[in-house]
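Engineer: In the UniProt record's numbering, the protein residues as written are 1 to 56.
Using N, Cα and C, we set each Cβ at its ideal position, and we do this for glycine too.
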């Protein structure tokens, strides 16, 4: 999966394996200059704060 995402210029910021569901939760980011802060995480949700993106 990582090779596929890198070919699209994305990188995984956070990956959570969900319980009771197939797959999981993927937070993907472009390779840009911005700040991503993980606020809260459980096996059912992810809360992030994204600030100040510059041009890619």
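I need the straight-line Cα distance from residue 48 to residue 40, nearest angstrom please.
Structural biologist: Going from the Cα of residue 48 to the Cα of residue 40 covers about 7 Å.
Engineer: Per DSSP, which one or two residues make a beta bridge with residue 49?
Structural biologist: Per DSSP, 37.
Engineer: Taking the C-alpha atoms as reference points, what is the distance between residue 30 and residue 44?
Structural biologist: About 23 Å.
Engineer: For residue 32 and residue 18, I'd like the C-alpha separation in whole angstroms.
Structural biologist: For residue 32 and residue 18, the distance between alpha carbons rounds to 27 Å.
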